[in-house]
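Student:
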Amino acid sequence: MHMPLTNPTHFNSDLRTPDRLELGVCYYPEQWPCEKWEEDARRMVELGLSWVRIGEFAWAQIEPRRGEFHWAWLDQAIEILGGAGLRVILGTPTAAPPKWLVDLYPEILPVDATGVVRKFGARRHYCFSNRRYRLEAARITEAVARRYGENVHVHAWQTDNEYGDHDTIYSYSSEAQRAFRLWLAERYGSIDELNRAWGTSFWSMRYDSFQEVDLPNSLVEEPSPTHGVDFIRFSSDQVKSFNKAQVDIIRAHSPGRPVTHNFMSQNTDFDHYKVGEDIDVASWDVYPMGGLLNGRLSAKDKERYLRVGDPDQPAFNHDLYRAVGRGRVWVMEQQPGPVNWAGHNQSPADGMVRLWTWLAYAHGVDMVSYFRWRQAPFAQEQFHSGLLLPNSEADQGYFEVAAVMEEMKRLPKGEVRGKAKVAIVLDYESRWATRVLPQGRSYSASAIALDWYSTVARFGADVDFIGQHSDIDGYRLVLAPDLVIAEEAFVDRLARSEAKVVFGARSGSKTKDMHIPEGLPPGPLAKLIDLSVSRVESLPEFHSERVLYGNETYAAGGWRETVRTEETVIASFDGPYRQGSPALVGNDKARYLAVAATGALLDKVIGDALGWAGLECLPDLGDLRVTRRGRLRFAFNFGQAPAEVPAAATAEFLVGNRSLKPVDVAIWTE
Ligand code: GAL
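Residue numbers 2 to 671, in this note's numbering, belong to the letters of the sequence shown in order.
Structure below.
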């Protein structure tokens, strides 16, 4: 059999950052007759695309029966795409185990929290803990990596597809139970230690051995929160090791090619930083229309942003995944028009595909790939648009990509996004802590973090995300909206840094064991700010508290704490219940907010904090967003009216101009 072209010395270049934005597309040769491939490849290149991602669901076409490999079609597809000038990103097909594999080893199927086996017929039907599936995943990864590892056209790899999609991180199978027990034995060393950490003296829950411990599903009441968080920690580690096994195989056969994984918007089901440690570039999938409808905004704002999406949700994720990718981030799937999977699937406004593409570049993304090339006339995603209609005519997204390609020629090359002055802490363990113990139905740490991010963005400041492992040198202001489990080492590093810090409510309120810290919350944060929290309450949506801050009174709701402190009280509660109790306290180094702030109160808290940290900010930008990448400055109008761009008098506009129409982009240098 003829082997594909290889050239082992060709490739180091794709580990570097490209000197300008590159564009690509997701393509499924297995879904189209091969007569179309050449024409498709030619048109992709004609449009200006340089990358094409393929293969991530093609296991059944590669290996239709056990051990029977059909490479010819994939050899040919790669040859045609690569021959036309496209760089191929090859996916490992492990998100879609074929029917014969499921029939041979039904135990690979995941089990949901009610104990029901999730069946074959869609995708992601595997359990991360299943040892047989791990062998099979390694086997197919090895086969594909061996075959194409040094193919001249294969320039990058994607592992699996969207870990976490369709709620597939947590499986309650017997294999998961077995692996969980081993994981617990490793974590705790002795069952006494587990009994202590889980607080099993409560409700007679004590265990005599790790073999007795079950998964925390189908219980009469909620599990011990430590049990709950440990199961998430365990499941997260399973994702990391599953991914790492593939990365190791790919690296062995395909040196010099970057490996990525395509993460999902704001998914916190596993620790993304930990998976990020093992890959070269983080990528994520940008679907802002569904994100809007499922997201944090009021019905009124959803109406206002119906066809443009939440203005801050894509930028938040670009910034987050830049941190996950340790500086390198791609968009693997950019929505090109309406999608099929949300509760409602409105069309983005014409112009949004262009806007989102420039927004990604501005936030440090080096490659944007659109999902998908052509709309599929069959199967699950028939309502999902592509750059082309099902009959191959160019659709709206195609023309917007062409516009980006034209505009790109006007920009200088080699601009790199610099470090921001503001950092926001996003800590996955803390997210799990409030997921397991929300203490209020409407408490949403992800909405709180996005609100904080959005407020900083409206004042025109750029943000980097950090975890507790991250380097914090150089930040002037660190915002920690929900750092529930604060690590001593991180607090010490904050203390030694130059940064001013603002902590949101619940920060420092749990230890690693999910206990209330000795000496009360905020536990280790007391090193930075002298206070203790003696009571917390969650409040229903219909109720709001009043907070007196300066001479103004603000509404706040959802969460309130009673704080005792000798520090300066910057704002206090102003209502019949515990009148005068501190709402925001602080010293020279740190501030602590004892309430869930949104709207005008959050604007005031963040606006003041930016000033306190000596950072310049702009007056509230409303529906405009600005950011910079190297010398390039960008403005994006998410509003319904034209807006004036806050550019200096010396600005030289490369794209657009000072007056920005709705759904439009301006790019300039000063
Ligand atoms: C993503 C997934 C793609 C496709 C897309 C549709 O979550 O990775 O394969 O299903 O959604 O929007």
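Built from N, CA and C at the ideal position, the CB exists for glycine as well.
(1) Scan the stretch 167 to 239 and note each continuous beta strand (DSSP E) run of 3 residues or more that stays entirely inside, going in chain order.
(2) Is it buried or exposed for residue 86, if we count other Cβ within 10 angstroms and need 16 for buried?
(3) In whole angstroms, what separates the C-alpha of residue 633 from that of residue 668?
(4) In chain order, what are the residue ranges of uninterrupted alpha helix (DSSP H) at least 4 long that sit wholly in the stretch 3 to 91?
(5) Please return the same chain residues whose Cβ sits closer than 7 Å to the Cβ of residue 659, not counting the five positions on each side in sequence.
(6) Under 8 Å: does the beta carbon of residue 166 sit that close to some heavy atom of the ligand GAL?
(7) Check for me: the alpha helix (DSSP H) holding residue 358 runs from which residue to which?
(8) Taking all protein chains shown into account, do 16 or more other C-beta atoms lie within 10 angstroms of the C-beta of residue 175, making it buried, or fewer, making it exposed?
(9) Relative to the alpha-carbon of residue 462, which residue among 299, 320, 595, 209 has its alpha-carbon at the smallest distance?
(10) Determine the DSSP secondary structure at residue 605, reduced to helix, strand or coil.
(11) Starting from residue 651, trace the alpha helix (DSSP H) in both directions and tell me its first and last residue.
(12) Indicate whether the contact test is met: 3 or more Cβ pairs, each with one atom in the stretch 499 to 509 and one in the stretch 592 to 605, closer than 8 Å.
(13) Rounding to the nearest angstrom, what Cα-Cα distance links residue 547 and residue 557 in this structure?
(14) If we ignore side chains and look at the alpha-carbon of each, how far apart do residue 469 and residue 196 end up?
(15) Express the C-alpha separation of residue 619 and residue 482 in angstroms, rounding to a whole number.
(16) If you measure between the beta carbons of residue 624 and residue 455, is that distance less than 9 Å?
(17) For residue 68, does the count of other Cβ atoms within 10 angstroms reach 16, so buried, or fall short, so exposed?
(18) Express the C-alpha separation of residue 387 and residue 160 in angstroms, rounding to a whole number.
(19) Does DSSP classify residue 621 as helix, strand or coil?
(20) Exposed or buried, residue 376, counting other C-beta atoms within 10 Å across all chains shown (16 or more means buried)?
(21) Heavy atom of the ligand GAL less than 8 Å from the Cβ of residue 267, yes or no?
(22) At the level of alpha carbons, what is the spacing between residue 262 and residue 252?
(23) Check each candidate in 145, 622, 16 and name the one with the smallest Cα separation from residue 642.
(24) Does the Cβ of residue 517 have 16 or more other Cβ atoms within 10 Å, making it buried, or fewer, making it exposed?
(25) Using 9 Å as the threshold, is the C-beta distance between residue 284 and residue 240 below it?
(26) Are any of the Cβ atoms in chain D nearer than 9 Å to that of residue 363?
(27) Starting from residue 636, follow the beta strand (DSSP E) in both directions and report where the run begins and ends.
(28) How big is the Cα-Cα spacing for residue 656 and residue 413?
(29) Buried or exposed: where does residue 490 fall if 16 or more other Cβ atoms within 10 Å of its Cβ makes it buried?
(30) Short of 7 Å in beta carbon distance, which residues of its chain neighbour residue 444, apart from the five on each side in sequence? Order them along the chain.
(31) Once you ignore the five residues that flank residue 266 on each side, which residues in its own chain have a CB closer than 6 Å to its CB?
(32) With a 10 Å radius around its C-beta and 16 neighbouring C-beta atoms as the bar for buried, classify residue 2 as buried or exposed.
Tutor: Looking at the atomic coordinates:
(1) none
(2) On the sequence shown, residue 86 is found 85 positions in, with the first residue counted as 1. Burial call: exposed.
(3) One-based indexing of the sequence shown puts residue 633 at position 632. One-based indexing of the sequence shown puts residue 668 at position 667. Going from the Cα of residue 633 to the Cα of residue 668 covers about 7 Å.
(4) 38 to 48, 60 to 63, 73 to 84
(5) Residue 659 sits at position 658 when you count from the first residue of the sequence shown. If we look at residue 659 and ignore the five residues flanking it on each side, its Cβ neighbours are 645, 646, 648.
(6) Residue mapping note: residue 166 aligns to position 165 of the sequence shown, counting from 1. Yes; taking the cut-off as 8 Å, the Cβ of residue 166 has a heavy atom of the ligand GAL nearer than that.
(7) On the sequence shown, residue 358 is found 357 positions in, with the first residue counted as 1. 353 to 363 is the extent of the alpha helix (DSSP H) around residue 358.
(8) Counting from one through the sequence shown, the residue named residue 175 turns up at place 174. So residue 175 counts as exposed.
(9) By 1-based counting over the sequence shown, the position of residue 462 is 461. When each option's Cα is compared against that of residue 462, the closest is 320.
(10) Translated into positions along the sequence shown, residue 605 becomes position 604. DSSP places residue 605 in helix when its eight states are reduced to three.
(11) On the sequence shown, residue 651 is found 650 positions in, with the first residue counted as 1. Here residue 651 belongs to no alpha helix (DSSP H), and DSSP marks it neither H nor E.
(12) yes
(13) In the sequence shown, counting from the first residue as 1, residue 547 sits at position 546. In the sequence shown, counting from the first residue as 1, residue 557 sits at position 556. If I take the Cα positions, the gap works out to 6 Å.
(14) Within the sequence shown, residue 469 is the residue found at index 468, counting from 1. Within the sequence shown, residue 196 is the residue found at index 195, counting from 1. Cα to Cα, the separation comes out at about 27 Å.
(15) Locating residue 482 in the sequence shown gives position 481, where the first residue counts as 1. Locating residue 619 in the sequence shown gives position 618, where the first residue counts as 1. The straight-line gap from Cα to Cα measures roughly 22 Å.
(16) Here residue 624 refers to the residue found at position 623 of the sequence shown. Here residue 455 refers to the residue found at position 454 of the sequence shown. For residue 624 and residue 455, no; Cβs fall outside 9 Å.
(17) Translated into the one-based positions of the sequence shown, residue 68 becomes position 67. It is exposed - the Cβ of residue 68 has fewer than 16 other Cβ atoms within 10 Å.
(18) Here residue 160 is taken as the residue at index 159 of the sequence shown, counted from 1. Here residue 387 is taken as the residue at index 386 of the sequence shown, counted from 1. In a straight line, the C-alpha of residue 160 is about 23 Å away from that of residue 387.
(19) The residue given as residue 621 occupies position 620 in the sequence shown. Coil at residue 621, not helix or strand.
(20) Within the sequence shown, numbered from 1, the residue matching residue 376 stands at position 375. By the neighbour-count rule (16 or more Cβ atoms within 10 Å), residue 376 is buried.
(21) Taking the sequence shown and counting its residues from 1, the one referred to as residue 267 is at position 266. For the ligand GAL, not one heavy atom lies less than 8 Å from the Cβ of residue 267.
(22) What you label residue 262 is simply residue 261 of the sequence shown in a count that begins at 1. What you label residue 252 is simply residue 251 of the sequence shown in a count that begins at 1. Their backbone Cα atoms lie some 14 Å apart in a straight line.
(23) Residue mapping note: residue 642 aligns to position 641 of the sequence shown, counting from 1. The shortest Cα separation from residue 642 among 145, 622, 16 belongs to 622.
(24) Along the sequence shown, one-based indexing puts residue 517 at 516. Residue 517 comes out exposed.
(25) On the sequence shown, residue 284 is found 283 positions in, with the first residue counted as 1. On the sequence shown, residue 240 is found 239 positions in, with the first residue counted as 1. No; because the gap between Cβ atoms is not below 9 Å, this pair is not in contact.
(26) Absent here is chain D; the protein component of the structure consists of one chain.
(27) As a position in the sequence shown, residue 636 is number 635, starting the count at 1. Where residue 636 is concerned, the enclosing beta strand (DSSP E) stretches over 633 to 638.
(28) Against the sequence shown, residue 656 aligns to sequence position 655. Against the sequence shown, residue 413 aligns to sequence position 412. Rounded to whole angstroms, residue 656 to residue 413 spans 12 Å at the Cα level.
(29) If you number the sequence shown from 1, residue 490 lands on position 489. Exposed, since its Cβ has fewer than 16 Cβ neighbours within 10 Å.
(30) Walking along the sequence shown from the start, residue 444 turns up at place 443. Correct list, in chain order: 435, 539, 559, 560.
(31) The sequence position of residue 266 within the sequence shown is 265, counting from 1. 292, 318.
(32) As a first step, residue 2 must be located in the sequence shown, where it is residue number 1. With a pLDDT of 38 at residue 2, under the threshold of 50, the predicted position of this residue should be treated as unreliable, though the coordinate-derived value follows. Exposed, since its Cβ has fewer than 16 Cβ neighbours within 10 Å.
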